[in-house]
Every structure is written in structure tokens, then in C-alpha cells.
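First comes the structure, then the notes that go with it.
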Amino acid sequence: MTRFDPATEDFVWLLRHVVSTQDILTSDVDLDTLEQVIDTAASFIGDRIAPINVASEEVGVSMVDGRVVTPPGWRAAWREWGEGGWAGLAMPADHGGQAMPFLAQAVVATMLGAADVAFAMVSASARGAASVLAAHGSDAQTGTCLPRLASGEWTATIVITEPQAGSDVGLIRTKAVPQADGSHALSGTKIFISGGDHDLSEQILHIVLARVEGAAPGVKGLTLFLVPSRHFDADGTLGDHNGVRASRIEEKMGLHGSATCVLDLEAAQGFQIGAEGQGLGALFVMMNELRLEVALSAVGLCAGATRHAEAYAQERLQGRDLSGKGPAAISGHPDVRRMLDIMAALTEGGRALILEAARLVDLDQHGETPDIRRDAADRLAWLLPICKAALSDNALDVTNHGIQIRGGHGYVRESGAEQFYRDARVLPIYEGANGIHAGALATRGLQKDGGSSARAFIDLMQADVDATAGEAAVQAIRACVEDGMAGFRATTEMLLTRAEQAEAVLLVSYDYITLAGRLALAWMWLRMAAADVPADDVLIGHKRRIAAFYALHYGPEMAMLVARIAAKMNDMNAGRAATATQPALV
Numbered sequence: 035m036t037r038f039d040p041a042t043e044d045f046v047w048l049l050r051h052v053v054s055t056q057d058i059l060t061s062d063v064d065l066d067t068l069e070q071v072i073d074t075a076a077s078f079i080g081d082r083i084a085p086i087n088v089a090s091e092e093v094g095v096s097m098v099d100g101r102v103v104t105p106p107g108w109r110a111a112w113r114e115w116g117e118g119g120w121a122g123l124a125m126p127a128d129h130g131g132q133a134m135p136f137l138a139q140a141v142v143a144t145m146l147g148a149a150d151v152a153f154a155m156v157s158a159s160a161r162g163a164a165s166v167l168a169a170h171g172s173d174a175q176t177g178t179c180l181p182r183l184a185s186g187e188w189t190a191t192i193v194i195t196e197p198q199a200g201s202d203v204g205l206i207r208t209k210a211v212p213q214a215d216g217s218h219a220l221s222g223t224k225i226f227i228s229g230g231d232h233d234l235s236e237q238i239l240h241i242v243l244a245r246v247e248g249a250a251p252g253v254k255g256l257t258l259f260l261v262p263s264r265h266f267d268a269d270g271t272l273g274d275h276n277g278v279r280a281s282r283i284e285e286k287m288g289l290h291g292s293a294t295c296v297l298d299l300e301a302a303q304g305f306q307i308g309a310e311g312q313g314l315g316a317l318f319v320m321m322n323e324l325r326l327e328v329a330l331s332a333v334g335l336c337a338g339a340t341r342h343a344e345a346y347a348q349e350r351l352q353g354r355d356l357s358g359k360g361p362a363a364i365s366g367h368p369d370v371r372r373m374l375d376i377m378a379a380l381t382e383g384g385r386a387l388i389l390e391a392a393r394l395v396d397l398d399q400h401g402e403t404p405d406i407r408r409d410a411a412d413r414l415a416w417l418l419p420i421c422k423a424a425l426s427d428n429a430l431d432v433t434n435h436g437i438q439i440r441g442g443h444g445y446v447r448e449s450g451a452e453q454f455y456r457d458a459r460v461l462p463i464y465e466g467a468n469g470i471h472a473g474a475l476a477t478r479g480l481q482k483d484g485g486s487s488a489r490a491f492i493d494l495m496q497a498d499v500d501a502t503a504g505e506a507a508v509q510a511i512r513a514c515v516e517d518g519m520a521g522f523r524a525t526t527e528m529l530l531t532r533a534e535q536a537e538a539v540l541l542v543s544y545d546y547i548t549l550a551g552r553l554a555l556a557w558m559w560l561r562m563a564a565a566d567v568p569a570d571d572v573l574i575g576h577k578r579r580i581a582a583f584y585a586l587h588y589g590p591e592m593a594m595l596v597a598r599i600a601a602k603m604n605d606m607n608a609g610r611a612a613t614a615t616q617p618a619l620v
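Counting from 35, one number per residue, gives the positions in the sequence shown under my numbering.
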């Protein structure tokens with residue numbers, strides 16, 4: 035039963051009828067060109083990447099003679115990925131890339147996630163490293179490294195976490211000792227490093243966060259370094275291995291094809307990226323890209339799980355339909371239909387949202403005026419944590435329903451349904467746990483500009499609500515968005531006026547980001563349902579039916595979240611007042 039769903043038709047439909055592309059596409063790259071790229075990518079990924087998912091899951095990675103060996107088929111697939119220009123699809127031409135819009139990259143990355151998330155992670159890390167080097171690297175670093183990352187000849191990792199330093203990076207101990215030649219010798223142990231070692235490339239560029247000897251404690255003492263797995267000359271000629279090695283591969287719940295390594299740095303030569311003490315700020319370029327990559331992978335996984343479940347539900351005959359005829363396909367049973375509709379609502383809504391985010395990336399990087407770029411950057415900063423948290427959480431809902439639709443067969447590994455869930459389970463955890471993103475959004479994200487980002491988010495939705503007034507076909511989802519906006523606006527103002535009550539705000543922050551995510555998808559469904567399409571459009575009927583379902587299913591949930599946030603905030607206030615005179619427990 036097929037697992038891979040490139041969703042080519044839906045992506046093209048969204049780009050033609052829903053996502054605004056006029057400020058992004060050019061005479062060199064128009065919609066027809068974009069369609070061609072999408073079709074070619076879908077064929078390549080379906081033919082060469084999707085089949086290796088079996089080896090990723092069943093064989094996984096191993097360590098032989100101290101080096102990580104990837105699953106069968108990976109090395110050939112990675113070589114062809116680079117040779118086809120996919121590794122540098124959206125990288126600038128002067129860095130060796132194809133200079134395509136990030137919109138194209140987002141579509142291809144989502145397809146890659148649908149085929150094999152573990153494989154997609156290698157490509158995502160290389161792109162993230164290229165971005166941080168382009169933004170903060172020296173001329174020597176960019177001149178040598180970027181073309182080789184764009185070609186897939188070299189790969190890269192992000193190296194942050196330590197045994198005592200997870201989300202609290204200020205606890206990092208890895209030490210960087212200055213050397214006479216201007217480099218640093220890095221020593222320490224890093225954990226949970228995705229792709230920390232492998233056999234896909236002769237060179238792995240480790241982007242390492244470390245503390246220069248004698249630097250201040252906390253995040254202000256952190257500096258970013260480029261630590262290659264092998265020494266190299268200015269022309270890219272590789273030398274001996276550097277002092278960095280993988281000492282262990284973690285046994286994980288899912289993503290068996292991804293080597294999650296413990297990395298030991300033993301006086302490894304590293305080269306400073308950016309200014310000393312500014313490592314975290316420089317690294318945010320890469321971290322933000324990887325957080326968006328998590329959202330892309332989440333939507334890709336959802337697409338695969340949804341297609342897998344739909345195919346099974348149409349073939350599986352059990353029981354009778356409501357007319358008494360049987361055995362009937364379970365896809366006709368109301369509760370199974372409910373689950374399939376949930377899967378479609380979250381998958382297709384998420385697909386539209388990631389394209390909106392990708393559009394903002396393009397405008398941020400290539401907008402015609404400073405005002406356009408600044409506005410896009412502000413909107414992207416607000417939307418990014420919502421995309422990461424909401425879409426990764428949605429992936430758990432979607433993949434869980436995929437198991438439930440199969441009943442007992444879904445719980446059996448042979449069905450393949452449970453792999454979707456196991457692979458998805460890490461998405462709310464890595465690249466910043468969703469609870470951390472929620473807390474940051476409800477505090478710094480909301481307060482840094484007095485709430486203007488949240489209000490701008492509401493204004494964008496209000497424009498679409500106003501534009502669809504009187505359209506009978508979209509009234510249910512339009513009312514859902516209107517009601518959701520009212521609740522979100524009230525909740526936002528409550529959090530702003532009570533910003534000094536930090537504990538209460540943090541207590542409701544996950545409800546707040548969940549509300550924002552549900553509202554963002556409702557907005558996308560309004561835009562899809564209201565799309566201006568020809569009368570014979572083959573998708574609009576389905577889009578309007580699922581939009582109405584989303585309104586009925588998630589509209590009440592948004593109202594509940596608004597009520598729950600208010601109840602928690604009020605209870606915290608009452609609780610603090612009642613216990614203010616009690617002695618603190620030691």
C-alpha cells in the first residue's frame with residue numbers, strides 16, 4: 035500500500051489560486067517553471083527517495099570500525115540528489131545554487147519529508163549551515179564551503195546540545211581554546227546530534243556552539259565555530275581527520291535512518307563564525323530555518339499518513355453501510371469518515387500555511403523595498419513558532435488517526451501505519467520543544483512590540499473575512515474565522531495587560547499557541563474555500579466541504595481554548611491572592 039504522496043496537484047492548485055506569488059516570481063521563474071520543478075522533484079523523490087524508506091526503517095544506521103554507515107541505498111540517492119541540483123535549489127547562483135525561490139524549496143522539502151523524514155534531515159541541516167555561513171561566515175569560509183554544500187559534496191550538522199545543556203544553552207561547557215594560528219581547539223561532549231557522522235560525504239561541517247576559554251557564563255559567553263570533520267585547504271582539498279568523532283548512536287523510537295550521535299570533540303580545530311560572544315545570535319539563522327524545516331517535514335508526514343489511511347479505508351470491507359448493504363468499505367462509516375476528514379483538514383490546511391510562511395521567507399530575503407523586507411521579517415518572526423508548534427502537534431493527531439482507522443492492524447508494525455507516528459513523535463521535541471516556543475511567543479514574542487505582531491496577524495485575517503462577505507459557499511468557515519479572531523484578540527489583550535504576571539502567562543502559553551495555530555489553519559481554509567477558480571475546478575468542492583468540516587470541528591475548540599485561558603488566568607490571580615500570606619516552602 036502506497037506511503038508516498040507528493041501532493042503535486044494540491045501544491046500547484048494552492049500556488050495558482052491561494053498563495054500570492056506576484057511579488058516573488060519573475061520572468062525567469064514563473065508559475066509554469068515552478069510547476070515544472072515540482073513535477074520533476076515529485077518524480078525523482080518518488081523513484082529514488084521514497085523506496086529507501088524501507089531500509090531506513092528496517093535496517094537503520096550502524097557503526098562499523100568507529101564510523102557511521104547509512105542504510106542501503108542512501109549513498110547513491112544522496113549522490114543523485116546533489117547531482118540533480120536539489121541540494122542547492124534555493125541557494126544563490128554565486129554560491130553554486132539554482133537560485134530558485136524558497137517557495138520551490140519548501141514544496142520539495144515537504145515532498146522529501148513525505149518520502150523519508152530521516153533523509154530529509156540531512157538536506158535540511160546542510161541548507162541551514164549554508165545560511166548561517168552566508169550570513170556570518172568569513173569570505174574564506176563561504177568561498178570554500180558554500181559551493182560544496184550546494185552541490186551535496188559536503189554536508190553539515192548543527193551541534194548544540196550537551197548532557198547538562200538542553201533547552202538551557204547557557205549551561206554549555208564545551209571549551210574553545212585560542213590557538214596561535216587564529217583557530218580554536220574545541221573540547222567537550224555533544225549529544226543528540228542528527229547526522230553527527232555518516233558515509234554520505236567525505237566532509238561534514240559541524241556548526242558548533244562553544245565557550246571561549248575565560249568567556250562570561252551564560253549565553254553571553256557563547257561563540258559559534260565551524261568544526262570540519264576533516265581538515266581542508268582553501269581549494270577544498272581534504273586532509274586528515276579532525277579531532278571530532280561519533281562515540282555512540284542513540285537507539286530511538288523512530289527516524290531509524292537518521293544517525294543521532296554522541297559527538298566527542300578532542301582539541302578539534304574550529305574556526306570562529308561571526309563575533310566572539312555572539313554565537314547564539316548567529317546560530318538563530320540556522321535554528322529558525324530548521325524550525326521551519328520541522329513544519330515542512332510535519333506536513334509531509336501528514337500527507338503520507340493520510341494517503342496511506344485513505345487507501346486502506348477504501349479497500350477494507352467491514353460491516354454494513356447505513357442502507358444495510360454490506361460488507362461495505364470502512365471509508366463510508368461515519369466515524370472513519372470523521373477521522374479521514376480530520377486528517378485532510380490538518381494536512382491540507384498545514385500545506386497552505388507552510389506556503390504562506392515560505393512566501394514570507396522569499397519577501398524577507400528578496401523583497402523589492404526595505405519596507406517590504408522588514409514587514410515580511412516581522413510577520414515571519416510571529417508565524418514561525420506557530421508553524422513549528424501547531425504543525426508538529428497536528429502531525430501527531432494525523433498519524434494517530436492513521437493507526438486508529440486500521441484498528442488492530444494499525445498497531446502491527448507490518449501495516450506501516452505506526453512508523454508515521456513514531457517518526458512524527460520527535461517533531462514537537464527537537465529544534466526547540468513546543469512548550470519553549472509557546473512560552474516565548476506569549477511573552478517576548480507578544481510583548482516586544484506591544485502586541486503589534488499579533489494585531490497584524492489579526493488584520494491579515496480580517497482583510498480576507500471582509501473580502502468574502504456575502505459568499506454563501508464560505509459562510510461557515512468565515513464565521514469560524516471571525517469568532518476565532520474575536521477570541522484571539524481578547525486573549526491577546528488579556529496577556530498584554532497582565533504581562534507582569536509571568537507565571538500565569540506561561541501557564542496558559544501552550545493554550546495560546548494552540549489557539550493561534552487553529553486560527554491560522556481556519557484562515558487558510560477560508561482562503562481555499564473562497565478561491566477564485568473555474569466552474570469545472572476539480573478540487574474546489576472538496577476544499578469547501580473540508581473547510582465547513584474544519585469550522586464545525588475546530589471552531590468550538592477555539593472557543594474552549596479562549597475560555598480555558600481566561601479561567602486559568604483568573605484562577606492564578608485568585609490563588610496568588612489567597613496564598614500570599616502563607617510562608618514559602620523550603
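Heads up, the beta-carbon is just placed ideally off N, CA and C, and yes, glycines get one too.
What you are looking at is a predicted structure, and each value in this text was computed from that prediction instead of being measured.
In this structure, what does DSSP give as the bridge partners for residue i?
i	result
residue 246	210
residue 305	260
residue 296	282
residue 188	237
residue 331	Per DSSP, none; premise fails for residue 331.
residue 351	363
residue 290	In DSSP, residue 290 forms no bridge with anything.
residue 227	295
residue 272	266
Note down the Cα distance separating residue i from residue j, rounded to an integer number of angstroms.
i	j	result
residue 249	residue 310	9 Å
residue 565	residue 83	33 Å
residue 624	residue 64	One cannot answer for residue 624 here, as it falls past the ends of the chain, which runs 35 to 620.
residue 227	residue 327	16 Å
residue 122	residue 378	31 Å
residue 136	residue 360	49 Å
residue 615	residue 605	With a pLDDT of 39 at residue 615, under the threshold of 50, the modelled position of that residue is not reliable, and no figure is offered here.
residue 53	residue 297	42 Å
residue 458	residue 535	34 Å
residue 222	residue 333	36 Å
residue 582	residue 575	11 Å
residue 132	residue 367	48 Å
residue 295	residue 103	12 Å
residue 424	residue 193	25 Å
residue 506	residue 578	11 Å
residue 454	residue 431	11 Å
residue 205	residue 329	28 Å
residue 151	residue 331	6 Å
residue 415	residue 489	14 Å
residue 598	residue 110	52 Å
residue 338	residue 216	49 Å
residue 76	residue 156	18 Å
residue 245	residue 516	49 Å
residue 420	residue 550	7 Å
residue 391	residue 410	9 Å
Using a Cβ-Cβ cutoff of less than 6 Å, which residues in the same chain neighbour residue i once the five nearest sequence positions on both sides are dropped?
i	result
residue 451	436, 437, 440, 444
residue 171	307
residue 473	540, 543
residue 160	183, 189, 190
residue 143	330
residue 282	296
Can you find the residues in the same chain that come closer than 8 Å, C-beta to C-beta, to residue i, ignoring five residues on each side of it along the sequence?
i	result
residue 481	530, 533
residue 254	311
residue 94	105, 290, 291
residue 552	424, 518, 588, 591, 592, 595
Less than 7 Å between C-beta atoms, sequence neighbours within five positions excluded: which residues of the same chain meet that for residue i?
i	result
residue 322	418
residue 496	519
residue 130	122, 180, 181, 184, 185
8 Å is my cut-off, CB to CB: does residue i come that close to chain B?
i	result
residue 213	Given the protein chain composition of this structure (a single chain), no chain B is represented.
ask   = Is the stretch 237 to 248 in contact with the stretch 263 to 272, if contact means three or more CB pairs nearer than 8 Å?
value = yes
ask   = Which runs of the beta strand (DSSP E), 3 residues or longer, sit entirely within the stretch 63 to 145?
value = 96 to 98, 101 to 103
task = Please list the segments of the alpha helix (DSSP H) lying wholly inside the stretch 423 to 483, counting only runs of 4 or more residues, in order along the chain.
result = 442 to 445, 451 to 458, 468 to 474
message = With three or more beta-carbon pairs closer than 8 Å as the criterion, would you say the stretch 494 to 507 touches the stretch 451 to 465?
response = no
task = Specify whether the stretch 279 to 294 and the stretch 197 to 215 touch according to this definition: at least 3 beta carbon pairs, one from each stretch, less than 8 Å apart.
result = no
query = Is the stretch 114 to 121 close to the stretch 56 to 73, with three or more CB pairs under 8 Å?
reply = no
inquiry  = Using 8 Å as the cut-off, can you tell me whether the stretch 392 to 403 makes contact with the stretch 342 to 357, which would need three or more C-beta pairs spanning the two stretches below that distance?
reply    = no
query = Between the stretch 520 to 529 and the stretch 538 to 554, do at least 3 Cβ pairs fall closer than 8 Å?
reply = yes
request  = Any chance you could list the alpha helix (DSSP H) runs of at least 4 consecutive residues sitting entirely within the stretch 487 to 554, in chain order?
outcome  = 509 to 531
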